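Visitor: Residue 3 is where the sequence shown starts when you use our numbering, and the numbers rise one by one after that. The C-beta atom is built at its ideal place from N, Cα and C for all residues, glycine as well. Quick caveat: nothing in here was measured; it's all calculated off a predicted structure. Can you keep this structure in mind? I'll have questions shortly.
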Amino acid sequence: MREKIITACMTAMLLFLSAGAVNAEAARFIGFGDSNTEGLTFKHYGYDLNKRWVVLTGAINAGFSGNHTDQALKRFNKDVLAKNPDSVAIMFGINDGLLYDNGKPMVDKAKFEKNLTYMVEELKKRKVKVLLMTNIPVQQTLYYNMYPEKKHLYADKGGIRLWMNSYNAIIRKVAKAEGVHLVDHYANAIHKAGGAQDGKLWASGLYDPSGLHWSPRGHGMMAYSIKYYLAR
Numbered sequence: 003m004r005e006k007i008i009t010a011c012m013t014a015m016l017l018f019l020s021a022g023a024v025n026a027e028a029a030r031f032i033g034f035g036d037s038n039t040e041g042l043t044f045k046h047y048g049y050d051l052n053k054r055w056v057v058l059t060g061a062i063n064a065g066f067s068g069n070h071t072d073q074a075l076k077r078f079n080k081d082v083l084a085k086n087p088d089s090v091a092i093m094f095g096i097n098d099g100l101l102y103d104n105g106k107p108m109v110d111k112a113k114f115e116k117n118l119t120y121m122v123e124e125l126k127k128r129k130v131k132v133l134l135m136t137n138i139p140v141q142q143t144l145y146y147n148m149y150p151e152k153k154h155l156y157a158d159k160g161g162i163r164l165w166m167n168s169y170n171a172i173i174r175k176v177a178k179a180e181g182v183h184l185v186d187h188y189a190n191a192i193h194k195a196g197g198a199q200d201g202k203l204w205a206s207g208l209y210d211p212s213g214l215h216w217s218p219r220g221h222g223m224m225a226y227s228i229k230y231y232l233a234r
């Protein structure tokens with residue numbers, strides 16, 4: 003009898019876990035973005051892959067490291083629309099705003115706004131819930147230590163953090179214009195760190211050593227906010 007009870011409990015537990023996996027897939031929530039969605043640096047730094055925000059929120063991972071929005075549009079149909087999602091979180095801008103050696107961004111601001119607006123409007127046509135998400139406040143000391151040859155490119159822009167936040171401003175603008183949810187990770191990180199200074203940002207534990215990517219703790223912060231907006 004005891005063996006039968008244990009077996010029944012184990013069977014129920016397996017069914018529960020299976021149902022959870024099915025429900026996560028059935029929800030069809032997609033995370034669409036770049037390396038901060040894919041979580042590529044987790045492998046590089048030996049972080050637990052299960053601590054990525056896409057895993058913590060049960061999202062289908064449609065992140066691709068290095069992508070800007072021009073590239074993202076080329077895979078938008080296959081990686082997002084074709085999956086018939088119920089909800090999509092979109093986080094681009096870091097790569098769009100990166101400057102080439104000639105001082106030009108990978109994707110200029112007007113095109114970035116156009117690309118984001120197109121994605122949001124296509125999803126809204128299909129009655130998909132959209133979360134637009136801002137990007138990490140770049141920890142400049144770490145970034146410039148890794149790429150010292152790039153520092154001069156951002157000198158007349160107030161530094162790379164302010165420059166990248168000008169792309170976040172476009173994300174905020176599109177979210178307001180299109181009436182979709184905004185998850186302002188940039189503002190949340192600065193609030194959690196107690197300021198926008200490099201020392202405070204690093205001490206927050208939200209960063210990996212690149213200064214351009216979230217740590218597991220940063221992904222945890224993002225997941226908390228994303229779950230909140232998904233529930234609304």
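1. What's the gap between the Cα of G220 and the Cα of K53?
2. How many Å lie between L75 and V132 at the Cα?
3. Flag this pair as yes or no: are the beta carbons of T39 and V57 separated by less than 8 Å?
4. Pairs of beta-carbons, one from the stretch 91-99 and one from the stretch 147-157, closer than 8 Å: are there three or more?
5. Straight-line CA distance for L118 to M223?
6. If we define contact as Cβ-Cβ less than 8 Å, is R30 a contact residue for chain D?
7. Start and end of the alpha helix (DSSP H) containing N104?
8. Is the beta carbon of G33 less than 8 Å from the beta carbon of I62?
9. Which residues mark the beginning and the end of the alpha helix (DSSP H) in which V122 is found?
10. Pull up the distance between the alpha-carbon of I96 and that of I162, whole angstroms please.
11. Entirely within the stretch 150-177 and at least 4 residues each: give me those alpha helix (DSSP H) ranges in chain order.
12. Please report how far the alpha carbon of Y226 lies from the alpha carbon of L232, in whole angstroms.
13. Which two residues bound the contiguous alpha helix (DSSP H) that contains F44?
14. Around the Cβ of A64, are there at least 16 other Cβ atoms within 10 angstroms (buried) or fewer (exposed)?
15. Can you tell which of M166, Q73, K127 has its C-alpha closest to the C-alpha of Q141?
16. Considering only residues of the same chain and omitting the five flanking positions on each side of D1, which have a CB-CB separation below 6 Å?
Guide: Reading from the atomic positions:
1. 10 Å
2. 16 Å
3. no
4. no
5. 24 Å
6. The structure shown contains no chain D; it is built from a single protein chain.
7. No alpha helix (DSSP H) contains N104, which DSSP labels as neither H nor E.
8. yes
9. 111-127
10. 10 Å
11. none
12. 10 Å
13. 42-47
14. buried
15. M166
16. Because the chain in this structure spans residues 3 to 234, residue 1 falls outside the shown range and cannot be described.
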